[in-house]
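Below is one structure, written out as structure tokens, with a few remarks after it.
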Amino acid sequence: MTKDDSYQNYPGFIEAILGLFFEPGSIIERLLSVDRPRYAATILLCLFVTIFAPPIAQQIKYGTTVYRPEAILSIFIAIFFFILIFSLLEGLFLQIIGVEFEFRQLLAAIAYALTPLMLAIWLVYAFNYWASGSLSLVSYLVTGSLNIDDHFLRIIPAAFTVAVLWVLLLFYYSVRVIGDMHPLNAALVTILSVVPAFLSFWMGLLLGDLARPGTVEIFLNILVSPSSLTLYGH
Numbered sequence: 000m001t002k003d004d005s006y007q008n009y010p011g012f013i014e015a016i017l018g019l020f021f022e023p024g025s026i027i028e029r030l031l032s033v034d035r036p037r038y039a040a041t042i043l044l045c046l047f048v049t050i051f052a053p054p055i056a057q058q059i060k061y062g063t064t065v066y067r068p069e070a071i072l073s074i075f076i077a078i079f080f081f082i083l084i085f086s087l088l089e090g091l092f093l094q095i096i097g098v099e100f101e102f103r104q105l106l107a108a109i110a111y112a113l114t115p116l117m118l119a120i121w122l123v124y125a126f127n128y129w130a131s132g133s134l135s136l137v138s139y140l141v142t143g144s145l146n147i148d149d150h151f152l153r154i155i156p157a158a159f160t161v162a163v164l165w166v167l168l169l170f171y172y173s174v175r176v177i178g179d180m181h182p183l184n185a186a187l188v189t190i191l192s193v194v195p196a197f198l199s200f201w202m203g204l205l206l207g208d209l210a211r212p213g214t215v216e217i218f219l220n221i222l223v224s225p226s227s228l229t230l231y232g233h
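Residue 101 in numbering that gives the first Met the number 0 sits at position 102 of the sequence shown, and the numbers go up by one each step.
Put into structure tokens, the structure is as follows:
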């Protein structure tokens with residue numbers, strides 16, 4: 000297949016997003032079969048919008064925000080550094096084990112693999128609205144109190160567990176395509192890549208703390224009590 004043929008048969012954005020869930024193996028191969036894979040920046044932008052949509056919507060609706068600006072900025076910085084550092088560490092890891100790849104392909108692979116997290120957030124909000132008739136999760140972030148039955152609370156960890164497993168599956172397919180690997184080798188590389196991901200998480204927090212002092216404390220407080228994201232929960 001020539002480069003022109005690859006772009007001619009390249010999936011559209013919606014087809015790519017749906018394909019990542021319904022036929023991940025074939026769609027990943029089509030997405031990464033070109034020198035300059037598309038949609039990576041768009042997917043990352045959609046992910047950031049998905050994460051920060053509640054405070055943006057709050058500000059638009061009420062003309063003000065109950066969210067702590069420094070907390071929002073700290074989360075953004077931590078996520079940005081995580082993606083950047085993981086790209087570098089994973090690239091170094093692949094080079095050490097002798098995998099030949101284009102860095103832009105690795106960046107695209109990381110973006111594609113993060114898509115399930117975005118979908119998980121959408122599904123949680125959709126189920127929240129279906130179950131309660133409102134987005135009570137936004138109220139939870141403001142007050143720390145969630146008035147909804149246990150069925151909804153149980154679906155949140157389940158949704159994100161499935162999302163994380165799907166992230167690993169998409170990354171497996173991506174590594175397999177990038178390195179033209181045997182399935183077992185690609186699976187091993189995917190498992191070992193958890194180490195760079197773990198290191199990137201903490202290094203991202205530490206660098207974020209250097210860029211904006213207090214990032215580590217804010218991030219850990221939010222993990223313990225999401226309402227600390229707001230002015231009222233501070």
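For glycine and all other residues, C-beta sits at the position ideal for the given N, C-alpha and C.
Closest residue to residue i among the options (Cα-Cα distance)
i: Gln94; options: Gly213, Val174, Asn8; result: Val174
i: Pro122; options: Leu91, Ile154, Phe92; result: According to the sequence provided, residue 122 is Leu. The question's Pro does not apply to it. Measuring from the Cα of Leu122, the nearest candidate turns out to be Ile154.
i: Asn127; options: Ser86, Ala158, Glu99, His181; result: Ala158
i: Pro212; options: Ser73, Leu113, Ala185; result: Ser73
i: Gly207; options: Thr49, Leu87, Gly11, Ile71; result: Ile71
i: Ala162; options: Pro195, Pro23, Met117; result: Met117
i: Val215; options: Ala77, Tyr172, Pro115; result: Ala77
i: Trp165; options: Ile120, Thr114, Ala125; result: Thr114
i: Cys45; options: Ile120, Val98, Pro36; result: Ile120
i: Glu22; options: Leu169, Tyr6, Phe102; result: Leu169
i: Ile26; options: Asp34, Ala40, Tyr9; result: Tyr9
i: Leu43; options: Tyr111, Ala52, Gly24; result: Tyr111
i: Ile96; options: Pro195, Val188, Tyr124; result: Val188
i: Phe20; options: Asn184, Phe47, Leu167, Thr41; result: Leu167
i: Gly24; options: Val193, Met180, Asn220, Val176; result: Val176
i: Phe100; options: Ile217, Val193, Met180; result: Met180
i: Ile50; options: Tyr6, Pro182, Ala39, Tyr124; result: Tyr124
i: Leu205; options: Phe218, Val193, Val194; result: Phe218
Segment limits, alpha helix (DSSP H) that includes residue i
i: Glu28; result: 23–30
i: Ser199; result: 193–210
i: Phe102; result: 102–112
8 angstroms Cβ cutoff, residue i in contact with chain C
i: Phe79; result: Protein chains in the displayed structure number just one, and chain C is not present.
Anticipated Cβ contact below 8 angstroms, residue i with residue j, distance rounded
i: Val98; j: Gly178; result: 4 angstroms
i: Arg103; j: Arg35; result: 6 angstroms
i: Tyr172; j: Ala186; result: Not a contact, Cβ separation roughly 10 angstroms.
i: Phe12; j: Thr41; result: 7 angstroms
field: the region 23–36 touching the region 100–116, judged by at least three CB pairs closer than 8 angstroms
entry: The region 23–36 is in contact with the region 100–116.
task: Check whether the region 14–23 touches the region 77–94, counting contact only when three or more Cβ pairs, one atom from each stretch, lie closer than 8 angstroms.
output: With a cut-off of 8 angstroms on Cβ pairs, the region 14–23 is not in contact with the region 77–94, counting fewer than three such pairs.
message: Across the region 192–202 and the region 77–85, are there enough close Cβ pairs to call them in contact, namely three or more that are closer than 8 angstroms?
response: They touch, by the three-pair rule.
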